[in-house]
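*Asks:* In the working numbering, the protein residues as written are 20 to 339.
The beta carbon of each residue, even a glycine, is placed where N, CA and C say it ideally should be.
What you are looking at is a predicted structure, and each value in this text was computed from that prediction instead of being measured.
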C-alpha cells in the first residue's frame with residue numbers, strides 16, 4: 020500500500036472539547052487506517068489541545084489553533100494543511116461507525132465521483148429533545164427528506180456534517196466562501212456548476228448530536244432560514260417552492276389571529292389544518308421513536324423549526 024494518505028479528516032471546533040473527544044475516539048476505532056485527522060480550534064476559550072495530546076500516539080493527528088473566523092475559513096485552513104487525496108468533513112458533534120471508511124472505500128473504488136455526502140442519524144444515547152429534533156430535521160414530513168435520506172424531493176446536496184470532496188476539486192473552486200451560514204450548500208452548488216459529479220452514500224452515515232435545548236435549536240434554524248435566501252440570490256435557479264413553506268407557515272399562523280376579527284370560521288379552518296398536521300407529526304414520531312413523549316416533543320420541535328426557518332427567511336428578504 021502507498022504511504023500517501025488517502026483521507027484527510029478536517030474537524031473545526033469551537034468550545035466543544037467533550038464532543039470532539041467522542042468523535043476522535045470513534046475515528047480511532049476505524050478498521051481502515053490510511054487517514055489523517057486535522058483539528059482546527061477556531062479561537063475557542065475552552066481549548067481542545069488535550070484531545071490532540073491524548074490521541075497523537077493512536078492516530079496521525081494534527082492540531083491548529085487559529086483566531087475565531089467561523090467554520091468556513093477554519094475548514095479552508097485545515098485543507099491547506101491536509102495531505103490526503105480526499106478531504107472529509109465532519110462536525111465536532113458527530114461520531115462515525117467503526118466501518119465508515121470501509122464502506123467509503125468500497126463505494127469510491129466502484130464509482131467515479133468528485134464529492135459525496137452521507138446521512139446523519141441518531142444514537143440511542145441521545146436524550147429525548149435530541150431525538151425529537153432529529154425527527155424534525157430528517158423526516159420527509161418536515162424537510163422533504165433533503166438532509167440526506169435515500170428518498171428526496173430534490174437533488175441531494177452534501178453538507179459538512181458528513182461530506183467528502185477530492186482535494187483537487189475543492190481547490191478548483193477555491194474552497195469555502197467566507198460566509199457564516201450556508202457555506203456547505205454554497206460549496207456544493209459551486210462544485211456542481213463546475214461539472215463535478217456527486218453521490219449520496221446512504222450507508223456511510225454519522226451519528227449527529229442535535230442541539231440539547233430548544234433556544235439553541237431555534238437560533239440554528241433561524242440562521243439556516245436567512246442563509247437560504249442568501250443562497251437563492253447567489254445561485255440563480257436553485258429556488259424551490261418548498262423553501263417558502265416555513266414562511267407560509269409563519270404567515271398563516273399570524274393571519275389566523277387577524278382573521279379572528281373578521282371571520283372566526285377562517286381562523287377555525289386554519290387551526291384545524293395545523294392541528295391535523297401536528298397529529299400526523301405526533302403519530303409518525305411516536306411510531307419511529309417508539310416513544311409517545313418524544314412524539315409530543317416532536318410537535319414542539321417541528322413548530323420551532325418552521326417558525327425559526329420561516330422567520331429567518333422572511334427577515335432576510337427584507338433586511339439582507
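(1) Tell me whether residue 314 sits in a helix, a strand or coil according to DSSP, three-state version.
(2) Assuming residue 227 and residue 321 make a contact with CB atoms under 8 angstroms, what is their CB distance in whole Å?
(3) Could you pull out every residue in the same chain whose Cβ sits closer than 7 angstroms to the Cβ of residue 200, ignoring the five residues on either side in sequence?
(4) Please determine, among 156, 252 and 234, the residue with the shortest C-alpha to C-alpha distance to residue 337.
(5) From which residue to which residue does the alpha helix (DSSP H) around residue 250 run?
(6) Under the three-state reduction of DSSP, which class applies to residue 384: helix, strand or coil?
(7) Write down the C-beta distance between residue 178 and residue 203 rounded to the nearest angstrom, noting that I regard them as a contact closer than 8 angstroms.
(8) Do you know how far the Cα of residue 265 is from the Cα of residue 328?
(9) Consult DSSP for residue 28 and reduce its assignment to one of helix, strand or coil.
(10) Cβ atoms of residue 33 and residue 63: under 8 angstroms apart, would you say?
(11) By Cβ distance below 7 angstroms, which residues in the same chain neighbour residue 169 in space, the five residues on each side in sequence not counted?
(12) Is residue 197 helix, strand or coil by DSSP?
(13) According to DSSP, residue 156 sits in a beta bridge with which residue or residues?
*Replies:* Put simply:
(1) As a first step, residue 314 is located in the chain shown; it is residue number 295 there, counting from the start. Residue 314 carries a helical assignment under DSSP once its states are collapsed to helix, strand and coil.
(2) The residue you call residue 227 lines up with position 208 of the chain shown. The residue you call residue 321 lines up with position 302 of the chain shown. At roughly 18 angstroms, the Cβ-Cβ gap does not stay under 8 angstroms, so residue 227 and residue 321 are not in contact.
(3) By one-based count along the chain shown, residue 200 stands at place 181. Here the set comprises 242, 243, 245 and 246.
(4) Numbered from its first residue, the chain shown carries residue 337 at position 318. Considering only 156, 252 and 234, the residue with the shortest C-alpha distance to residue 337 is 252.
(5) Position 231 of the chain shown, counted from the first residue, corresponds to residue 250. Annotation for residue 250: the continuous alpha helix (DSSP H) segment containing it runs 233-253.
(6) Nothing can be reported for residue 384, as the shown portion of the chain is limited to 20 through 339.
(7) For the purposes of this step, residue 178 is identified with residue 159 of the chain shown, where counting begins at 1. For the purposes of this step, residue 203 is identified with residue 184 of the chain shown, where counting begins at 1. Yes, residue 178 and residue 203 are in contact; Cβ-Cβ is about 4 angstroms, under 8 angstroms.
(8) To locate residue 328, count along the chain shown from 1; it is residue 309. To locate residue 265, count along the chain shown from 1; it is residue 246. Spanning the two alpha carbons is a distance of roughly 6 angstroms.
(9) What you label residue 28 is simply residue 9 of the chain shown in a count that begins at 1. Three-state DSSP puts residue 28 in a strand.
(10) Mapped onto the chain shown, residue 63 falls at position 44. Mapped onto the chain shown, residue 33 falls at position 14. Yes, Cβ-Cβ distance for residue 63 and residue 33 is below 8 angstroms.
(11) Position 150 of the chain shown, counted from the start, is the residue given in the question as residue 169. For residue 169, the pLDDT reaches just 46, beneath the cut-off of 50, and the residue's location in the model is therefore unreliable, although a value from the coordinates is still provided. Sequence-distant partners of residue 169 (beyond 5 residues in either direction) whose C-beta falls short of 7 angstroms from its own C-beta, in its chain, are 221.
(12) As a working note, residue 197 is residue 178 in the chain shown. Residue 197: coil per DSSP, three-state reduction.
(13) One-based indexing of the chain shown puts residue 156 at position 137. Beta-bridge pairing links residue 156 to no other residue.
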